[in-house]
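The UniProt record's numbering puts the first residue of the sequence shown at 1, with every later residue one more than the last.
One structure is given here, and the rest of the page talks about it.
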Amino acid sequence: MPSLTPTQQALFDALVGLDEGGAVLRLEECRTQLGLGPLVADLVLPVMREIGLGWERGEVSVAQEHLATQLVRSYLESLRRPPVVGGHQVWLACPPRELHDLPLLALALLLWEQGWEIRFFGANTPLHDLHRATRIVHPEIVVISGDDPRRLRAAAVPLDLIAQETTLLLGGRAAHQVEEELPGRVLPPDVVAAAQEIRELLPAARAV
């Protein structure tokens, strides 16, 4: 992986150093100066990916990884707008046993910022239940995202059922590994590009 930028390194050091105040300060500086898109795409997700890799290499402890994840999650959730009613409805979820939902939360924030009606189901979502809900509510788009391709493959049946009810999009690092095997359109790995693609798809999705 390329070296972290100075800004990314500063956030990484604060998170693994258990410096909550310093981490929030770095996050706030980036959001204030650059906006939400660069905050999640250029700072939060690359740093959290590096922390995950550090954990795999034994350089970051479980405690450090857990605290970093919870701190970043809490900060991102604090940026959620009040619920929107009556706008384009996009649902976002991870398949069963998939716990890595920070990239999906980042995507949800970008969509919330654009004023759409978002339902964020998060990690470990029972997709058969989600399918039943789509038959009642009829959202324009459902995004299913994950890091582990095994989790997406195991959800092939409910994914096919959801795709019959609405526009299905697959996101996360696993999506490109399974795109030939599963229904749905694969989103770009960059969350800003993914949000833009969803915006362009929404008029056609609404017409389905």
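A virtual CB, placed ideally from N, CA and C, is assigned to each residue, including glycine.
Asked                                                                                                                                                         : Found
In chain order, which beta strand (DSSP E) runs of at least 3 residues are fully inside the segment 33-99?                                                    : 89-93
I need the boundaries of the beta strand (DSSP E) containing residue 135, first residue and last residue.                                                     : Not the beta strand (DSSP E): residue 135 falls in the alpha helix (DSSP H), residues 127-137.
Under 8 Å, with one C-beta from each stretch per pair, do the segment 125-144 and the segment 157-172 reach the 3-pair mark?                                  : yes
Please state the DSSP three-state secondary structure of residue 179.                                                                                         : coil
Given a threshold of 16 other Cβ atoms within 10 Å of its Cβ, counted over all protein chains shown, does residue 134 qualify as buried or as exposed?        : buried
I'd like the list of long-range same chain contacts for residue 23, defined as Cβ closer than 7 Å, with 5 residues on each side in sequence excluded.         : 11, 14, 15, 71
Is it buried or exposed, residue 125, if we count other Cβ atoms within 10 angstroms and call 16 or more buried?                                              : buried
When DSSP labels each residue in this structure, what does residue 187 get in the three-state scheme?                                                         : coil
By a C-beta neighbour count over all protein chains shown, 10 Å radius and 16 as the cutoff for buried, is residue 53 buried or exposed?                      : exposed
Have a look at residue 26 and residue 180 and give me their C-alpha separation to the nearest angstrom.                                                       : 40 Å
Is there at least one non-hydrogen atom of the ligand GTP closer than 7 Å to the beta-carbon of residue 60?                                                   : Ligands in the displayed structure: none, and consequently the ligand GTP is not present.
Taking the CB atoms as reference points, tell me whether residue 128 and residue 149 lie closer together than 8 Å.                                            : no
Assuming residue 89 and residue 117 are in contact, meaning their beta carbons sit under 8 Å apart, how far apart are those beta carbons, in whole angstroms? : 4 Å
Tell me whether the beta-carbon of residue 63 lies closer than 8 Å to the beta-carbon of residue 51.                                                          : no
What's the call for residue 146, buried or exposed, on a 16-neighbour Cβ count within 10 Å?                                                                   : buried
Please name the residue in 119, 182, 191 whose C-alpha comes closest to that of residue 276.                                                                  : Here the chain has residues from 1 to 208 only, and residue 276 is not among them.
Would you identify the three-state DSSP class for residue 3, choosing helix, strand or coil?                                                                  : coil
So, are the CB atoms of residue 73 and residue 110 less than 8 Å apart?                                                                                       : no
For a test of the three-state rule: what should DSSP assign to residue 173, helix, strand or coil?                                                            : coil
Would you give the residue range spanned by the beta strand (DSSP E) that residue 117 belongs to?                                                             : 117-122
Flag this pair as yes or no: are the beta carbons of residue 121 and residue 130 separated by less than 8 Å?                                                  : yes
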